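Let me begin by presenting the structure, written as structure tokens, before commenting on it.
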Amino acid sequence: MAMELWKGNEAIAEAAVRAGCRFFFGYPITPQNEIPEYMSMRLPQVGGCFLQSESELAAINMVYGAAGAGARVMTSSSSPGISLKQEGITYMVGAQLPAVIINVSRGGPGLGSIQPAQSDYFQSTRGGGNGDYRTVVLAPNTIQEAVDHTQMAFDIADKYRNPVFVLADGMIGQMMEPIEWKEYKPAYTAEKEWATTGHKGKRPHNIVNSLFIDAAGCHQHNLELDKKYKAMEENEKRWQEVGTEDAEVLFVAYGTPSRIALSAAEILKAEGIKAGLFRPITLWPYPMMELREAIMRPSVKAVVCIEMSMGQMVEDVRYAALDKKPVSFCGKAGGVIPTQYEIAAAARAALGR
Amino acid sequence: MAIVYQKSKGLTDKEMHYCPGCTHGIVHKLVAEVLEELNLLDDAIGVCPVGCSVFAYDYFSCDMQEASHGRAPAVATGIKRVHPNSPVFTYQGDGDLAAIGMAEIIHAANRGEKITTIFINNAIYGMTGGQMAPTTLIGQKATTAPLGRDKDLCGGPVHMCEMMSAIDGAVYVERVSVNNIPNLNKAKKAIKKAFELQMQNAGFAFIEVVSTCPTNWGKTPVESMKWLEENMLPVFPLGVYKDVEEVASK
Ligand SMILES: Cc1ncc(C[n+]2csc(CCOP(=O)(O)OP(=O)(O)O)c2C)c(N)n1
Ligand code: SF4
């Protein structure tokens with residue numbers, strides 16, 4: 001099939017439409033504005049509804065209502081907006097509502113910057129809202145993957161009745177790359193019998209709700225949610241390994257830095273240093289055991305975690321390494337992108353060269 | 354034997370948790386009767402708030418969603434956009450609607466969302482135990498205003514109907530009460546009109562019900578009604594604040 005040149009944000013929006021998303025609620029924030037802008041043009045063409053909300057808080061609660069009413073629905077934002085959406089996200093997990101949330105993340109804390117960053121790792125993987133909850137987090141590193149992940153996210157969301165994140169750093173949102181539009185076939189098609197569609201006098205009333213006022217009942221609800229999280233851990237873990245079989249230095253990175261790490265590996269190769277890349281594709285569930293296995297290979301002398309943050313995922317990498325191999329960190333925050341030269345230098349330093 | 358009165362099909366058999374004399378129960382009954390009389394129960398989708406009426410999802414027999422605190426109008430917006438022909442309503446207290454959810458209600462009204470909002474103004478935060486609400490009267494005591502609401506410190510009571518009537522997207526705004534039978538009948542008529550307008554796709558309709566909270570007011574149900582009449586009604590005058598139909602026919 002022919003390749004087409006698409007900008008990340010627009011490709012994500014079109015991917016959602018092709019995956020059957022017909023409702024979008026969002027609020028403007030850089031660097032994700034092309035998503036709502038595209039949706040405002042595209043959704044009416046396919047009989048859907050785009051609505052610009054008064055805030056991210058309203059947007060995510062509109063998503064809650066639409067998801068509860070049985071629709072395929074999406075919202076997108078960037079870091080500060082995602083902070084505001086945390087309320088709705090925990091309610092959606094509690095009420096078991098499927099939806100896709102795109103975070104085209106930027107520098108923080110606070111208003112931070114509008115350039116690409118990965119400092120929302122904790123927020124995305126640990127849950128920025130209250131309560132014991134989990135969301136699958138997909139982290140694309142190409143526009144093609146951003147498209148594939150967005151479509152897959154809808155299926156994962158429906159399968160578990162749980163919101164799913166696509167965490168695309170600002171680079172993925174703003175960059176243009178050739179992509180191929182594959183035919184989308186839904187992987188999960190069960191009827192949403194739980195949705196509030198009006199009972200038509202044919203069934204007991206459906207209730208979409210996250211309140212379980214009795215402690216034992218709330219505990220029981222948490223046990224049921226936990227079963228879903230376990231199933232997600234079992235089925236949804238994704239990662240990629242490049243040259244890890246005989247690597248001396250193992251890079252661990254996701255999103256944009258994972259691509260720069262491969263350029264660094266080329267530089268090192270010319271110097272006779274073998275560098276491999278372990279790339280988590282799902283940040284939750286995290287491929288912890290798979291990463292540990294890669295780290296524990298005898299050839300690996302040092303591990304370097306690269307992030308566009310002050311060091312968040314590195315905590316998981318250290319946990320994977322069990323203090324058996326040295327883990328060092330190479331990162332820049334606020335929208336500064338680490339270069340292949342800096343990464344190569346970090347690798348040399350980690351190897352003591 | 355002829356049946357002269359029975360519970361509305363709009364209500365479930367679930368025992369309500371409301372305190373004796375609380376007007377939440379009466380307003381539930383009115384909403385349920387209206388939905389039944391207009392034949393809307395099969396399609397209706399209600400949104401309940403965070404507050405004493407949080408369990409309304411167990412009491413109304415139609416499909417229901419429970420929203421986070423103040424966000425019911427946003428949740429209802431999402432529902433209505435998916436099911437544009439279904440009757441959608443929110444039922445919200447004064448803390449929920451006029452404090453934390455002020456932005457959501459104003460913007461839902463301004464968009465002219467085809468939904469109906471039932472707003473319970475009892476001048477207090479019931480569920481959390483009697484803290485000051487945005488509608489608490491000047492001088493009225495609350496657990497967070499032990500000396501009474503001080504206007505210099507926190508402003509005066511919010512007048513929702515007056516505000517809503519200034520919003521273009523709102524087509525019908527009325528303040529009612531259920532303190533006596535004539536007013537109860539008026540309240541039901543107002544709720545009915547609000548749903549009828551929604552089904553005609555006319556726009557956003559807002560019914561405020563001046564209500565009681567005997568428990569947190571520290572009064573008996575009878576004293577509460579008297580207090581409502583003497584203190585609340587002068588501050589929150591009953592009546593139609595906006596009726597676009599009427600304006601158009603003039
Ligand atoms: C985000 C959030 N903040 C605060 C609360 C606590 N809370 C529960 S009910 C309530 C007040 C409800 O008062 P009102 O809306 O007046 O309804 P009433 O109980 O009087 O019917 C508050 C503050 C909450 N559940 N969620
Ligand atoms: S606390 Fe007040 S508002 Fe709540 S149920 Fe009791 S009387 Fe009604």
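Taken in order, these protein sequences are the chains called A and B.
Once you know that position 263 of the first sequence is 263 in my numbering, the rest is easy, because the numbers rise by one and skip nothing.
Once you know that position 200 of the second sequence is 553 in my numbering, the rest is easy, because the numbers rise by one and skip nothing.
Ideal Cβ placement from N, Cα and C applies to all residues, glycine included.
Keep in mind that this is a model prediction, so the values were computed, not measured.
task: Please classify B/Gly592: does DSSP put it in a helix, a strand, or coil?
output: strand
query: Looking only at C-alpha atoms, which of B/Pro510, B/Leu591, B/Ile544, B/Phe557 sits nearest to B/Ile520?
result: B/Phe557
message: Nearest by alpha-carbon distance to A/Arg161: which of A/Leu223, A/Trp194, A/Ser55, A/Lys182 is it?
response: A/Trp194
task: Entirely within the segment 167–215 of chain A and at least 4 residues each: give me those alpha helix (DSSP H) ranges in chain order.
output: 170–174
task: Select from B/Gly571, B/Met578, B/Met369 the residue whose C-alpha is nearest the C-alpha of B/Leu537.
output: B/Met578
- prompt: Does ligand 2 have even one heavy atom less than 7 Å from the beta-carbon of B/Gly479?
  reply: yes
query: Any C-beta of chain A sitting closer than 8 Å to the C-beta of B/Gly448?
result: no
- request: Verify whether the separation of the beta carbon atoms of A/Ser77 and A/Ile29 is less than 8 Å.
  value: yes
message: I'd like to know whether the C-beta of B/Met417 is nearer than 8 Å to at least one C-beta of chain A.
response: yes
- request: Give the range of the alpha helix (DSSP H) segment to which A/Phe122 is assigned.
  value: 121–126
query: Which residues, in chain order, does the segment 82–104 of chain A contribute to contact with chain B at a C-beta distance below 8 Å?
result: Glu87, Gly88, Tyr91, Ala95
query: Does ligand 2 have a heavy atom nearer than 7 Å to the CB of B/Cys401?
result: no
message: Can you confirm whether A/Cys330, when its beta carbon is compared against all beta carbons of chain B, has any partner nearer than 8 Å?
response: no
- request: Using a Cβ-Cβ cut-off of 8 Å, state whether A/Tyr64 counts as contacting chain B.
  value: yes
message: Tell me whether the segment 45–54 of chain A and the segment 9–26 of chain A touch, counting them as touching only if at least three CB pairs, one residue from each stretch, are closer than 8 Å.
response: yes
field: Candidates B/Val593, B/Ala498, B/Gly454: closest to A/Ser55 by CA position
entry: B/Gly454
query: Which residues in chain A sit within 9 Å of B/Tyr410, going by Cβ to Cβ distance?
result: His205, Ile207, Val208, Asn209, Leu211
message: Just to confirm the assignment, what range does the beta strand (DSSP E) spanning A/Gly331 have?
response: 327–331
message: Just to confirm my understanding: we take A/Asn209, look at its own chain, exclude 5 residues before and 5 after, and list those with CB closer than 7 Å. What are they?
response: Ala95
query: What span of residues does the alpha helix (DSSP H) with B/Cys507 cover, start to end?
result: 504–507
- request: Evaluate B/His512 with the Cβ neighbour count: other Cβ atoms within 10 Å of its Cβ, from every protein chain shown; 16 or more gives buried, anything less gives exposed.
  value: buried
Reference B/Met369, options B/Lys362, B/Cys401, B/His381, closest by Cα: B/His381
message: Any beta carbon from chain B within less than 8 Å of A/Ala58's own beta carbon?
response: yes
task: Closer than 9 Å by beta-carbon distance: list the chain A residues that pair up with B/Thr430, in chain order.
output: Phe25, Leu51, Ser53, Ala58, Asn61, Met62, Gly65, Ala66
task: Could you tell me which residues DSSP pairs with A/Gln32 in its beta bridges?
output: In DSSP, A/Gln32 forms no bridge with anything.
message: Looking at chain A, is there any beta carbon in it that lies within less than 8 Å of the beta carbon of B/Val384?
response: no
query: Are the CB atoms of A/Gly128 and A/Arg134 nearer to each other than 8 Å?
result: no
- prompt: So, is the C-beta of B/Glu597 closer than 8 Å to a C-beta in chain A?
  reply: Here residue 597 of chain B is Val; the residue named in the question, Glu, does not match the sequence. No, no contact with chain A.
- prompt: Quick one: any contact between the segment 495–510 of chain B and the segment 403–414 of chain B, if contact means 3 or more CB pairs under 8 Å?
  reply: no
message: Which complete alpha helix (DSSP H) runs does the segment 533–564 of chain B hold, if anything under 4 residues is left out?
response: 534–552
message: Are there any heavy atoms of ligand 1 lying less than 7 Å away from the beta-carbon of B/Asp449, as far as the coordinates show?
response: yes
task: Please check if any C-beta of chain B sits within less than 8 Å of the C-beta of A/Thr197.
output: yes
field: Three-state secondary structure (DSSP) of A/Tyr64
entry: helix
query: Per DSSP, A/Glu4 is paired with what?
result: A/Ile179
query: Is B/His422 near ligand 1, judged by its Cβ being under 7 Å from some heavy atom?
result: yes
field: Inter-residue spacing [alpha-carbon to alpha-carbon] between B/Tyr410 and A/Arg292
entry: 47 Å
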